[in-house]
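S.K.:
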Amino acid sequence: MLQTLRKAGGSLVMTVPKAFIDQNGLGEGSQVELHLLGKKMTVEAPARPRYKLADLMAEMPQGLPRVEGWDEMLALGLENG
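FYI, in the numbering used here the residues of the sequence shown are 91 to 171.
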(Lines of atoms letter the chains of each structure in order from A and count residues from 1; the text may use other names and numbers.)
(Lines give C-alpha, C1' and ligand atoms only; values in the text may rest on other atoms or scores of the structure.)
Protein backbone atom coordinates (compact mmCIF):
# COMPACT_ATOMS: atom_id res chain seq x y z
CA MET A 1 0.00 0.00 0.00
CA LEU A 2 1.50 3.32 -1.07
CA GLN A 3 1.20 6.22 1.40
CA THR A 4 2.03 9.90 0.91
CA LEU A 5 3.85 11.71 3.71
CA ARG A 6 2.43 15.14 4.62
CA LYS A 7 3.91 17.95 6.63
CA ALA A 8 2.28 18.73 10.01
CA GLY A 9 4.23 21.30 12.00
CA GLY A 10 7.83 20.15 12.09
CA SER A 11 6.94 16.50 11.42
CA LEU A 12 5.93 14.28 8.53
CA VAL A 13 2.75 12.24 9.02
CA MET A 14 0.86 9.51 7.19
CA THR A 15 -2.61 8.09 7.69
CA VAL A 16 -3.50 4.67 9.07
CA PRO A 17 -5.99 2.71 6.95
CA LYS A 18 -9.50 2.45 8.42
CA ALA A 19 -9.45 -1.34 7.99
CA PHE A 20 -6.42 -1.60 10.33
CA ILE A 21 -8.09 0.71 12.87
CA ASP A 22 -11.36 -1.25 12.83
CA GLN A 23 -9.66 -4.66 12.88
CA ASN A 24 -7.65 -3.76 15.97
CA GLY A 25 -10.19 -1.64 17.86
CA LEU A 26 -8.05 1.50 17.68
CA GLY A 27 -9.12 5.11 17.97
CA GLU A 28 -7.78 8.57 18.66
CA GLY A 29 -5.26 8.35 21.49
CA SER A 30 -4.56 4.63 20.95
CA GLN A 31 -0.93 3.62 21.13
CA VAL A 32 0.78 1.31 18.65
CA GLU A 33 4.26 -0.22 18.58
CA LEU A 34 6.58 0.76 15.72
CA HIS A 35 9.34 -1.65 14.72
CA LEU A 36 12.19 -0.26 12.61
CA LEU A 37 14.62 -2.43 10.69
CA GLY A 38 16.69 -0.70 8.04
CA LYS A 39 14.29 0.69 5.45
CA LYS A 40 11.32 -1.22 6.90
CA MET A 41 8.84 -0.02 9.50
CA THR A 42 6.00 -2.16 10.81
CA VAL A 43 3.10 -1.07 12.99
CA GLU A 44 1.76 -3.46 15.62
CA ALA A 45 -1.39 -2.95 17.65
CA PRO A 46 -0.88 -4.18 21.21
CA ALA A 47 -2.89 -7.20 22.32
CA ARG A 48 -5.93 -6.19 24.31
CA PRO A 49 -6.15 -7.78 27.75
CA ARG A 50 -8.77 -10.48 28.35
CA TYR A 51 -10.35 -10.32 31.77
CA LYS A 52 -12.15 -13.04 33.71
CA LEU A 53 -14.89 -12.11 36.13
CA ALA A 54 -13.33 -14.18 38.93
CA ASP A 55 -10.03 -12.29 38.59
CA LEU A 56 -11.76 -8.91 38.63
CA MET A 57 -13.85 -9.88 41.65
CA ALA A 58 -10.71 -11.03 43.49
CA GLU A 59 -9.31 -7.48 43.13
CA MET A 60 -12.41 -5.82 44.62
CA PRO A 61 -12.00 -4.28 48.07
CA GLN A 62 -13.61 -6.17 50.94
CA GLY A 63 -16.65 -4.78 52.70
CA LEU A 64 -18.62 -3.67 49.64
CA PRO A 65 -22.40 -4.02 50.01
CA ARG A 66 -23.86 -7.26 48.65
CA VAL A 67 -27.01 -7.44 46.54
CA GLU A 68 -29.65 -9.80 47.98
CA GLY A 69 -29.99 -12.93 45.83
CA TRP A 70 -27.08 -12.04 43.53
CA ASP A 71 -25.31 -15.37 44.03
CA GLU A 72 -28.48 -17.31 43.21
CA MET A 73 -29.17 -15.51 39.89
CA LEU A 74 -28.87 -17.55 36.70
CA ALA A 75 -25.99 -16.81 34.32
CA LEU A 76 -27.20 -14.96 31.20
CA GLY A 77 -24.00 -14.72 29.18
CA LEU A 78 -20.44 -15.96 29.34
CA GLU A 79 -19.92 -15.17 33.03
CA ASN A 80 -18.43 -18.59 33.72
CA GLY A 81 -16.17 -18.70 30.63
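In this text, a Cβ means the ideal position worked out from N, Cα and C, and glycines have one as well.
All figures in this text were calculated on a predicted structure; none of them were measured in a lab.
Can you grab the Cα-Cα spacing for the pair Tyr141 / Thr132, in whole Å?
M.R.: Position 51 of the sequence shown, counted from the start, is the residue given in the question as residue 141. Position 42 of the sequence shown, counted from the start, is the residue given in the question as residue 132. If I take the Cα positions, the gap works out to 28 Å.
S.K.: For the alpha helix (DSSP H) holding Ala144, just list the boundary residues, first then last.
M.R.: As a first step, residue 144 must be located in the sequence shown, where it is residue number 54. Here the alpha helix (DSSP H) through Ala144 covers 143-148.
S.K.: Looking at the secondary structure, which residues open and close the alpha helix (DSSP H) in which Lys108 lies?
M.R.: The residue labelled residue 108 in the question sits at position 18 within the sequence shown. That run of the alpha helix (DSSP H) goes 108-113.
S.K.: According to DSSP, simplified to helix, strand and coil, what is Glu134?
M.R.: Locating residue 134 in the sequence shown gives position 44, counting from the first residue. In the structure shown, Glu134 sits in a strand (DSSP, three-state: E or B).
S.K.: Who are the Cβ neighbours of His125 in its own chain at under 6 Å, not counting the five residues just before and after it?
M.R.: Within the sequence shown, the letter at position 35 stands for residue 125. Answer for His125: Thr132, listed in chain order.
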